[in-house]
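Per the numbering used here, the sequence shown starts with residue 99, numbered consecutively. First up is the structure itself, then whatever we jot down about it.
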Amino acid sequence: MKFGGTSMAGTERIRRVANIVRRQQAAGHEVAVVVSAMAGETDRLVNFCREAHALYDPAEYDVVVASGEQVTAGLLALTLQSMGAKARSWLGWQLPINTIEAHAKARVDTIDAPDLVASLERGEIAVIPGFQGVSAEGRITTMGRGGSDTSAVAVAAALNADRCDIYTDVDGVYTTDPRIVAKARKLKAVTYEEMLELASVGAKVLQTRSVGLAMKEGVRVQVLSSFIDDDATPADDLPGTMIVSDEEMERIYEEGDMERQHVTGIAHDKNEAKIILTRVPDKPGAVAHIFSPLADASINVDMIIQNVGRDKGETDVTFTVPQTDLARAQALLEDRRGEIGFNRIITDSKIAKISVVGVGMKSHAGVAATMFTALSERGINIQAISTSEIKVSVMIDEDETELAVRVLHTAYGLDAKDEAA
Ligand code: ADP
Ligand code: ASP
Ligand code: MG
99 MKFGGTSMAG TERIRRVANI VRRQQAAGHE VAVVVSAMAG ETDRLVNFCR
149 EAHALYDPAE YDVVVASGEQ VTAGLLALTL QSMGAKARSW LGWQLPINTI
199 EAHAKARVDT IDAPDLVASL ERGEIAVIPG FQGVSAEGRI TTMGRGGSDT
249 SAVAVAAALN ADRCDIYTDV DGVYTTDPRI VAKARKLKAV TYEEMLELAS
299 VGAKVLQTRS VGLAMKEGVR VQVLSSFIDD DATPADDLPG TMIVSDEEME
349 RIYEEGDMER QHVTGIAHDK NEAKIILTRV PDKPGAVAHI FSPLADASIN
399 VDMIIQNVGR DKGETDVTFT VPQTDLARAQ ALLEDRRGEI GFNRIITDSK
449 IAKISVVGVG MKSHAGVAAT MFTALSERGI NIQAISTSEI KVSVMIDEDE
499 TELAVRVLHT AYGLDAKDEA A
């Protein structure tokens, strides 16, 4: 069971969480619980790091931001104990949750679970802070924003759990963010592949890596709400959204439980920033000079456009990076100005990426055309486009995000029917 930040935001909320956990135990389950920091806490800690040092050391950043989860893990264990349950916390380094690769974006490598299993067998509830692990050097690591979802799936895989229930502040995965589109519809099920794509283009209800890991390890994941009454349907009756394999999805369609759509969901992402390098030499190797140093610094580049060369063998190159990496990317590129040979570097954080996702588009033409037409009818200008087999993304002005998502939701026929109609 994993509980997100809103579910853990304060003593009263933690008490509700403790009740949900105890009910699962009372139903005969052994439960490991993964918790997030209180809502807003990680943002607060990140800001402290930025104030301390604009180009902060990611290893020290991890020391600071991992603390939020330590607090909620201890508090949930205490709350459970106050209710007479046996519970204890297990910090990332105590299990341990071994991680590899860069600080602030660590990946789970292995989890040593024997002590945890023994504790569960003794009837103890295990409370594990999400987001944090330990590096091979013995230092605290964190797994990127939203990383508690990945902690939960990794723990579920290590324990060979029957299911990984991700409790959050919405009661499932919707056709789009229900906070933006009131007419968004809850999906009964969504395939791993689609959820992976939706998450990677900004549907933050699950961290992308958690979905990839669940797919690889075959973990059954359910997304559901922790904001429920005491007499609500128990989680075992699957009231949320199940993340399922393609075969399971076929069965759901055949049983008529869900309608097939070309587009399953729409996501937006305001966390990228655009970089334009002007007057880059239009010759072999020029682009490699730009992107190799970024890759070496673990900066993910997403959309890339190289304009048609203009006179004098020069061209502009436009691309996007995560906003959190913008300062570092800019510094790296400035350092290599001579080598790359650009004239100016222009950045813009006020952009958004809107994506439509659905396995249905593999076999159906016209999904992209519908997108471009719907946006142009509202005067929304497209600055860049990228596609994959099951996704079309466009870059637009950030101010037009909400409008674009609503317009597309309607254009693909995803709006919930009016109750009255
Ligand atoms: P938690 O703190 O529980 O991890 P998050 O804020 O990370 O919660 O994720 C839940 C939020 O994801 C919801 O409040 C909702 O606004 C947002 N969201 C974005 N896209 C979707 C979607 N397609 N379906 C459901 N929620 C979505
Ligand atoms: N607290 C961390 C974050 O806000 C991890 C998580 O909540 O999943 O990113
Ligand atoms: Mg989250």
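Just so it is clear, CB atoms sit at the ideal spot from N, CA and C, and this is done for glycine as well. In this text, all values refer to a predicted model and were calculated from it rather than measured experimentally.
Residues that DSSP places opposite residue i in a beta bridge
i: Thr240; result: Gln230
i: Ala450; result: Ile494
i: Asn196; result: Thr208 and Val232
i: Lys284; result: Tyr272
i: Gly363; result: Val455
i: Arg186; result: Ala224
i: Thr445; result: Ile373
DSSP state of residue i mapped onto helix, strand, coil
i: Val144; result: helix
i: Leu336; result: coil
i: Lys368; result: coil
i: Lys100; result: strand
i: Thr417; result: For the record, residue 417 in the displayed sequence is Phe; it is not Thr. In the structure shown, Phe417 sits in a strand (DSSP, three-state: E or B).
i: Asp327; result: coil
i: Val378; result: strand
i: Gly456; result: coil
i: Ser298; result: helix
i: Gly436; result: helix
i: Gly477; result: coil
i: Lys489; result: strand
i: Val399; result: coil
i: Ala518; result: In this predicted model, Ala518 has a pLDDT of only 47, less than 50, meaning its place in the structure is not dependable; the value taken from the coordinates is given anyway. Looking at Ala518 - three-state DSSP - the assignment turns out to be coil, as it is neither helix nor strand.
i: Arg358; result: coil
i: Ala463; result: coil
i: Asp513; result: coil
Distance CB(residue i)-CB(residue j) smaller than 7 Å
i: Leu214; j: Ala200; result: no
i: Thr418; j: Lys381; result: no
i: Ile364; j: Val454; result: yes
i: Ala185; j: Ala171; result: no
i: Lys451; j: Glu487; result: no
i: Ile478; j: Glu496; result: no
i: Gly103; j: Ser134; result: yes
i: Val115; j: Ser105; result: yes
i: Gly228; j: Val132; result: yes
i: Asp335; j: Thr376; result: no
i: Leu392; j: Val399; result: yes
i: Gly458; j: Asp367; result: no
i: Val288; j: Val271; result: yes
i: Val97; j: Arg504; result: The shown model of the chain, from 99 to 519, leaves out residue 97, and the question about it has no answer.
i: Gln305; j: Gly231; result: no
i: Gln359; j: Gly338; result: no
i: Ile209; j: Ala256; result: yes
i: Val317; j: Ala130; result: no
i: Asp433; j: Ile397; result: no
i: Thr248; j: Glu292; result: no
i: Met99; j: Asp263; result: yes
Boundaries (first-last residue) of the alpha helix (DSSP H) holding residue i
i: Arg504; result: Thr499 to Ala509
i: Asp394; result: Ala384 to Asp394
i: Ser323; result: Unbroken run through Ser323 is the beta strand (DSSP E), Val319 to Ser323; no alpha helix (DSSP H).
i: Asp247; result: Ser246 to Leu257
i: Asp344; result: Asp344 to Glu352
i: Lys314; result: Thr306 to Glu315
Residue span of the beta strand (DSSP E) that contains residue i, given as start and end
i: Asp275; result: Where Asp275 is concerned, there is no enclosing beta strand (DSSP E), given that its DSSP letter is neither H nor E.
i: Pro212; result: No beta strand (DSSP E) contains Pro212, which is instead part of the alpha helix (DSSP H) from Pro212 to Glu219.
i: Gln404; result: Ile402 to Gln404
i: Ile483; result: Ala482 to Ser486
i: Val288; result: Ala287 to Thr289
i: Thr266; result: Cys262 to Thr266
Runs of beta strand (DSSP E) lying entirely within the stretch 107-184, each at least 3 residues, in chain order: 130-133
Mind listing, in chain order, the residues whose beta carbon lies closer than 5 Å to a non-hydrogen atom of the ligand MN? Looking for the ligand MN in the displayed structure turns up nothing; the ligands present are the ligand ADP, the ligand ASP and the ligand MG.
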